[in-house]
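As structure tokens, the structure follows; a few thoughts come after it.
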Amino acid sequence: MKKLIAGNWKMNGSLAANEALLDALAQGLTVAPACEVAVCVPAPYLAQLRALKSTRAALSAVGLGAQDVSAHASGAYTGEVSAAMLKDLGCRYVIVGHSERRQYHGETDVLVADKAKAALAAGITPVVCIGETLAEREAGHTEEVVKRQLAAVIHTNGHCISEIVVAYEPVWAIGTGKTASPEEAQAVHAVLRAQLKAATDQSARVKILYGGSMNAANAALLLAQGDIDGGLIGGAALKAQDFLTIIAAAHA
Ligand code: 13P
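Take any residue in the sequence shown, note its place counting from 1, add 1134, and you have its number in my numbering.
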């Protein structure tokens, strides 16, 4: 399957900075990449990104993504953004269950699963983030934690699970410069692959991305692992040259 390299800009950007970043990406993407590419940007900038993409041919294949979505369809939920609104703005992807939302906004496994369901119902691919904390890893609970997180999404979404993207993001590797070794990441990805296989006969369609300090220097080795189908890139996605280097490292 084609790999997916998705940037997660987190709460970064401005109208001017976004345009400069997109221009630099367009200049570097004159040859169509071998992988799928997406940028997941702050909700207020989705319309800007859509417009920028439409006037730059090199970016036409770049998928637009959001970073969160409401589990509710519409109504009295002040501040929330629905999956239908994201679809309206041209989103192909939405990140759900990022560890920063689990940690700072109290998102539970059940809520994350409901958000994935809302995205799927609107025809948007949820990029479901799972991953253990350092304490959980050191206690030997990595497998148990990621399996529990994924199980909630499988339970709520049934056979639609074949339409999701999974992102394994060990919390201790996010923004720390400490990446899981390719072997450590591959071991967890293999566990997740087996869990997906048991849940659907379409599991071969499900991409499992790695995220957590993936950068221009370490991407190629991580992406060479058998069960690593792409990357979810934070800091390095804000630097056009680094993001382009990661994209170039993602061969089929
Ligand atoms: P960094 O690449 O900055 O570690 O962030 C990873 C991440 O959280 C992507 O969602």
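Where is the CB? At the ideal position from N, CA and C, for every residue including glycine.
Quantities reported herein were computed from a predicted structural model and do not represent experimental measurements.
With distance defined between alpha-carbon atoms, name the residue in the options nearest to residue i.
i, options, result
"L1163", "R1184, A1195, V1246 and A1301", "A1195"
"V1261", "A1358, L1343 and L1378", "L1343"
"W1306", "S1347, P1176 and I1295", "S1347"
"H1239", "A1252, E1214, V1165 and L1254", "E1214"
"T1290", "H1275, K1249 and Q1375", "K1249"
"P1176", "A1382, A1338, L1372 and N1349", "L1372"
"L1220", "A1384, N1349 and C1174", "C1174"
"A1256", "H1275, S1204 and I1288", "S1204"
"Q1375", "N1142, V1230, L1149 and L1159", "L1159"
With a cut-off of 8 Å on the beta carbons, I'd call residue i and residue j a contact; round off their distance for me.
i, j, result
"L1366", "A1140", "5 Å"
"G1364", "K1341", "6 Å"
"A1328", "I1295", "Going by Cβ atoms, the distance from A1328 to I1295 rounds to 14 Å, so no, they are not a contact pair."
Taking the DSSP output, what are the residues bridged to residue i?
i, result
"L1378", "Beta-bridge pairing links L1378 to no other residue."
"Y1302", "I1264 and Y1344"
"L1198", "V1173"
"I1367", "G1141"
"I1229", "V1261"
Can you give the Cα-Cα distance for residue i and residue j, rounded to whole angstroms?
i, j, result
"G1147", "G1309", "17 Å"
"I1362", "A1218", "30 Å"
"T1379", "A1210", "43 Å"
"R1184", "A1273", "44 Å"
"I1258", "V1299", "11 Å"
"E1170", "K1136", "7 Å"
"L1223", "L1198", "9 Å"
"G1360", "D1335", "19 Å"
"A1285", "R1235", "19 Å"
"G1345", "S1208", "31 Å"
"V1322", "K1144", "24 Å"
"H1206", "G1311", "35 Å"
"P1304", "A1351", "19 Å"
"Q1201", "A1247", "15 Å"
TODO: Report the residue ranges of all alpha helix (DSSP H) runs contained in full by the stretch 1148-1190; include only those spanning at least 4 residues, in chain order.
DONE: If we require 4 residues or more, the alpha helix (DSSP H) runs fully inside the stretch 1148-1190 come out as 1149-1162 and 1180-1188.
TODO: Only counting runs of 4 or more residues, tell me where the alpha helix (DSSP H) segments fall wholly within the stretch 1308-1332, in order along the chain.
DONE: none
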